[in-house]
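Residue numbers (this note's numbering), protein chains in the order written: chain A, 1 to 384; chain B, 385 to 768. All residues carry an ideal CB built from backbone N, CA and C; glycine is no exception. The structure appears below as structure tokens.
Protein chains: 2
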Amino acid sequence: MTLPVRHDSMRARNLGVVLDAVRRGGPQTRAALAERTGLTKSTVSKLAGDLIEAGMLAESGPARAGERGRPGVEVVLSGDRVAALGCEVNVDYLAVCLLDLAQRVRFTRRRGQDNRGKPAKRVLAQLRTLAVEAMAEARRLGLDVAGAGLAVSGPVADGVLLTAPNLGWRDVGAVDLLGLPVETTLGNEASLAALGELWFGAGGQDFLYVSGEIGIGAGLVVGGELFHGTRGLAGELGHVVVSPDGPRCRCGGAGCLETAAGQEAILTAAGDVATVAELLARLENDDELAVKACGEAARALGIALTSTVNLLDLDRVVLGGIYAPLFGWLAPPIERVLADRLVKLRSTPPTLTASQLGGQAATLGAAGLVVHQVLADPTRFLPR
Amino acid sequence: MTLPVRHDSMRARNLGVVLDAVRRGGPQTRAALAERTGLTKSTVSKLAGDLIEAGMLAESGPARAGERGRPGVEVVLSGDRVAALGCEVNVDYLAVCLLDLAQRVRFTRRRGQDNRGKPAKRVLAQLRTLAVEAMAEARRLGLDVAGAGLAVSGPVADGVLLTAPNLGWRDVGAVDLLGLPVETTLGNEASLAALGELWFGAGGQDFLYVSGEIGIGAGLVVGGELFHGTRGLAGELGHVVVSPDGPRCRCGGAGCLETAAGQEAILTAAGDVATVAELLARLENDDELAVKACGEAARALGIALTSTVNLLDLDRVVLGGIYAPLFGWLAPPIERVLADRLVKLRSTPPTLTASQLGGQAATLGAAGLVVHQVLADPTRFLPR
DNA sequence: TCCATTTAGTTCGCGTTGTAGACTAAATAT
DNA sequence: ATATTTAGTCTACAACGCGAACTAAATGGA
């Protein structure tokens, strides 16, 4: 439903507009901000003044214009007051990061451990230990933690992780189990990684992030915003059908992408390789079977992506998860399929990129989500 | 970019909020509107007063509550002042409709004619004749035409129809060629039909509208809004891959849905039937080949929809275009495929519905789009 | 019948907000 | 030096929504 605007929400919104303009445009003078936002100089001055007083903006010294006229003073996002926490549970590690409002990473902690089959309660308690460390560091730095984002590898609804096939979990109240003293937002790993790629990677404003793990998830970013779908369950790329009569899939269907390009399918096809690291080693030695396995997976990915591109009108795809290290072997065949199948429909096939953030994408996205909530409505952190 | 809020836009927005609440909730008292919108009684009173003065709302008599207290007076959308035009060029007909602000259809005109291969300029001039008739009728009824929507069967960008395979058109500046004296918005037929289904059919707030014609398009509605994709080219369902090694498709790919379930594929498989009407006749006579052709097409549709549902998280699919009359023969096999393939991933497979609007969906959607623009910001039609 | 009660809608003074334009500040060009 | 240009602040002002008081119109009970 469309929300009404009142005086207070007008103010909240305009403060957010100013902050967001600074985030997008980097250090800028008040005059430039007025120009860019459409607000008047005096309004921007007042808003910026309040934000500086609240410690969310800071003056960063004179802007050397070299041109005529009084040089302006640029304002920047200040990372000295507010921060956000990003957390992630994955199959083989736990991770947290602390991100300040200026989007600088102030602290990270990662703990490699196999979480498969372990009880959710215990794993999340271990993650809490890391989170508490991060919050202690925040206090030491004089930062308020505005909230936390929690990335889990499975579909999510109302703070509950519905299923995590690779962890063997079902219906886990992850936010409650993590039990942080700040508001915690639960999100799907692929979605949050997509946001991480958006804000910290080379994703641009519109792209599909593909997260290759045991399952294959995807996060769609359109116009700089995440697409959620009806109930927030969008992104099950792993069960797009790539060969209707293909092998049966655990979802009940057959010939799903996951059966052709999921981690297990690739490792098996490469000759029952045990780990992705091992697979990589073989690929680097030009192991024929391994290369062939990647080629097969890539062709299946190419087909699924063709469908997706046609449906959603994408011009950029970012490959993450295990696909990032395998990028060199996957990208060429995928690109060939895309080019072949999309010639007539679009002038250029979508660009393929490997995720630059590695295992950090999801935690960065999770923390970034909170940062962006604060930037969009900073009233919580204003005096009075 | 996030837009700032100023006093005038605050007012515009709140007027829109009130109108939208009336549209969604039907006739309501001012008190109920205040409750629903979150604005105060006095504000709603003032806004409603202005809207009544402008002829966009009207008092519809006392609300019989039967309960204690003074009975309120309900306000309704008034269709006596503003209207919108919806136009459509399709393969075998031209159509226009005139829709008032209360979303009542005040005039329709349809002209059956084969437009294949004819020059766009001539066809659009013919459509203009119909549109001018509709605008004359509007003038006769004392209605201001706020704008027009134009539906065409092909991808659209910046007022230009990029390609219309079934008409044999390329890069047609359709808005300019139509040359109406009101602002005209160009839209893809499937997208606009989806909006028609949203506002006038039984679509609910979240669904995928599938338009079966020579090509197969789709319009996705999420949370009561159309999903546009990066450049507004989303919805090419026809080129989702359903059998990677299937027959070649005119898009350059192979095994696209269109090659299995497009109008021509079905007619050919049914034994080179000439028209959909003829196919229907055969189906009603239980012609074995025709029934089998529909079954094949339905299975392909089922596979494409499985992929789509997994990607986009849908729980309702509306079948339109030629699929609407064929619904009885298509739906059961599609439902079987969806049920089989989605068992484990979602509690219930998506509901399948036939479009109730027939060939009217796109014109209604096109006109509705304009009506909704006016409802969202009615300032243009306010005095002063 | 009368009056308390309840709900609808209007009126009016108030506080908050952004705006426009005058004004001050600080640079460059001549 | 002085004019010019641009940045930023200050102040009077108007628009808006808010809230409380008020009027209006119904029901229900004595």
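Could you pull out every residue in the same chain whose Cβ sits closer than 7 Å to the Cβ of T643 (chain B), ignoring the five residues on either side in sequence? Taken in chain order, the residues that qualify are G630, P631, C633 and A649.
Please state whether DSSP places E620 (chain B) in a helix, a strand or coil. coil
Examine chain B for any beta-carbon lying closer than 8 Å to the beta-carbon of E236 (chain A), and answer yes or no. yes
Quick one: complete beta strand (DSSP E) runs, 3+ long, within the segment 683-767 of chain B? The qualifying runs are 700-705 and 735-738.
Under three-state DSSP, which class holds F611 (chain B)? coil
Coarse secondary structure for N550 (chain B), derived from DSSP in three states: coil
List, in order along the chain, the chain A residues whose C-beta lies closer than 7 Å to that of M394 (chain B)? V5 and M10
Flag T108 (chain A) as yes if its beta-carbon sits less than 8 Å from any beta-carbon of chain B, otherwise no. no
Can you check whether the C-beta of V82 (chain A) is within less than 8 Å of a C-beta belonging to chain B? no
Chain B within 8 Å of S243 (chain A), Cβ atoms only: yes
Proximal residues to D697 (chain B) (C-beta, below 8 Å), its chain only, five neighbours per side dropped: none
T108 (chain A) - containing alpha helix (DSSP H), residue span: Per DSSP, T108 (chain A) belongs to no alpha helix (DSSP H); it is in the beta strand (DSSP E), V105 to G112.
What does a CB cutoff of less than 7 Å around G463 (chain B) pick up in its chain, not counting 5 residues either side in sequence? D484, L485, A486 and R488
Per DSSP, what kind of secondary structure is L85 (chain A) in: helix, strand or coil? strand
Helix, strand or coil for L461 (chain B) per DSSP? Taken through DSSP and simplified to helix, strand or coil, L461 (chain B) comes out as strand.
Proximal residues of chain A, C-beta to C-beta of K728 (chain B) below 8 Å: Neighbours of K728 (chain B) in chain A, taken as residues at a C-beta separation under 8 Å, are given in chain order as R250, C251 and G252.
Which residues does DSSP list as the beta-bridge partners of P446 (chain B)? In the DSSP output, where bridge partners are listed per residue, P446 (chain B) has B:V457.
Give the single residue among A:G235, A:G117, A:G86 and A:P119 whose Cα lies nearest to the Cα of R106 (chain A). A:G86
From the DSSP secondary-structure annotation, give me the bridge partner or partners of T424 (chain B). None, per the DSSP bridge assignment.
With a cut-off of 8 Å on the beta carbons, I'd call G587 (chain B) and V559 (chain B) a contact; round off their distance for me. No, G587 (chain B) and V559 (chain B) are not in contact; Cβ-Cβ is about 27 Å, not under 8 Å.
T129 (chain A) - DSSP class collapsed to helix/strand/coil: helix
Name the one or two DSSP bridge partners that N188 (chain A) has. A:V152
CA nearest to the CA of G410 (chain B), picked from B:L673, B:G580, B:G422 and B:V457: When only C-alpha atoms are compared, the closest one is B:V457.
Exposed unless 16 or more other CB atoms sit within 10 angstroms - verdict on N807 (chain B): The question about residue 807 (chain B) has no answer, for chain B in this structure spans 385 to 768.
Would a C-beta distance cut-off of 8 Å place G219 (chain A) and Q205 (chain A) closer than the cut-off? In terms of Cβ geometry, G219 (chain A) and Q205 (chain A) do not form a close pair [threshold 8 Å].
Between which two residues does the alpha helix (DSSP H) carrying S9 (chain A) extend? H7 to G25
Extent of the continuous alpha helix (DSSP H) run through I600 (chain B): Taken as a continuous stretch (DSSP letters only), I600 (chain B) belongs to no alpha helix (DSSP H), being part of the beta strand (DSSP E) at I600 to V606.
Please report whether the beta-carbon of S429 (chain B) lies at a distance below 8 Å from any beta-carbon of chain A. no
Residues of chain B with a CB under 7 Å from the CB of T306 (chain A): which are they? Contact note: T306 (chain A) reaches chain B through V625 and G637, using a C-beta cutoff of 7 Å and chain order.
Under a Cβ-count criterion, where at least 16 other Cβ atoms within 10 Å of its own Cβ denotes burial, should R380 (chain A) be classed as buried or exposed? exposed
Going by C-alpha to C-alpha distance, which of A:V172, A:G173 and A:L257 sits closest to G212 (chain A)? A:L257
Is there a Cβ from chain A that is less than 8 Å from the Cβ of T737 (chain B)? For T737 (chain B), no Cβ of chain A is located within less than 8 Å of the residue's own Cβ.
Top-ranked residue by Cα proximity to R111 (chain A), from A:A138, A:L305, A:L127 and A:G253: It is A:L127 whose Cα lies nearest to the Cα of R111 (chain A).
Interfacial residues, the segment 670-699 of chain B to chain A, with Cβ spacing under 9 Å: R683, A684, I687, A688, T690, S691, T692, V693, N694, L695, L696, D697, L698 and D699
Would you mind working out which of A:G196, A:T37 and A:E335 sits nearest V18 (chain A), comparing C-alpha positions? Shortest Cα-Cα distance from V18 (chain A) to any of A:G196, A:T37 and A:E335 involves A:T37.
Secondary structure at D656 (chain B), three-state DSSP: helix, strand or coil? Looking at D656 (chain B) - three-state DSSP - the assignment turns out to be coil, as it is neither helix nor strand.
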